[in-house]
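Position 110 (the sequence shown) corresponds to 692 in our numbering; numbering is contiguous.
C-beta atoms are modelled at their ideal positions from N, C-alpha and C, and glycine is treated no differently.
First comes the structure, then the notes that go with it.
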Amino acid sequence: MRTTAQQVESLALAATSRASLDEDAALLTELVRRMIREDYPNRLPATMGVFRAAYRVLDSPANPTSLDSDYRVYSHVKNLGRTAGALADVLEPPPLQSGFVGRTGLPPEHRRAL
583 MRTTAQQVES
593 LALAATSRAS
603 LDEDAALLTE
613 LVRRMIREDY
623 PNRLPATMGV
633 FRAAYRVLDS
643 PANPTSLDSD
653 YRVYSHVKNL
663 GRTAGALADV
673 LEPPPLQSGF
683 VGRTGLPPEH
693 RRAL
């Protein structure tokens with residue numbers, strides 16, 4: 583998921599077509615819908631804020647239609663990519679750095695070396 587968000591972030595408007603943007607928007611919308619989990623066990627306020635923000639991006643009345651400009655669709659695709667990235671950060675555990683004991687809450691410089 584993080585790779586998808588990074589690819590979207592590097593997307594250039596001049597290097598893509600409207601058909602490609604529309605396809606990306608549809609695929610990212612489906613991805614974000616699948617990532618939203620009503621039964622997610624972590625009910626921390628920050629986590630729930632990410633879920634609420636994802637719903638706002640998906641359900642916004644300002645989402646582009648076929649009559650809108652390429653730039654508006656491009657902006658929407660970028661928002662969807664950032665939303666997928668934020669959801670990935672919440673849903674996927676962070677990769678552990680080799681050589682450190684992964685203890686949540688401690689920055690890498692305070693983790694014990696193996």
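Could you tell me the distance, in whole angstroms, from the CA atom of G663 to the CA atom of L593? What you label residue 663 is simply residue 81 of the sequence shown in a count that begins at 1. What you label residue 593 is simply residue 11 of the sequence shown in a count that begins at 1. Cα to Cα, G663 sits roughly 10 Å from L593.
Rounded to whole angstroms, how far is the Cβ of V632 from the Cβ of P646, which I believe are closer than 8 Å? The residue labelled residue 632 in the question sits at position 50 within the sequence shown. The residue labelled residue 646 in the question sits at position 64 within the sequence shown. Actually they are not in contact, since the Cβ atoms of V632 and P646 sit about 23 Å apart, beyond 8 Å.
Nearest CA to the CA of P669: which residue from R600, A601, A596 and L613? Working through the sequence shown from its first residue, we reach residue 669 at position 87. Inspection of the sequence shows that residue 669 is occupied by Leu rather than by Pro. Taking only the C-alpha atoms, the option nearest L669 is L613.
Out of S642, L649 and N661, point me to the one whose CA is closest to Q589's CA. As a first step, residue 589 is located in the sequence shown; it is residue number 7 there, counting from the start. Among S642, L649 and N661, the Cα nearest to that of Q589 is on N661.
With burial defined as no fewer than 16 other Cβ atoms inside 10 Å of the residue's Cβ, what is the status of P643: buried or exposed? Residue 643 sits at position 61 when you count from the first residue of the sequence shown. P643 should be labelled exposed.
For T585, name the three-state secondary structure that DSSP assigns. As a first step, residue 585 is located in the sequence shown; it is residue number 3 there, counting from the start. T585: helix per DSSP, three-state reduction.
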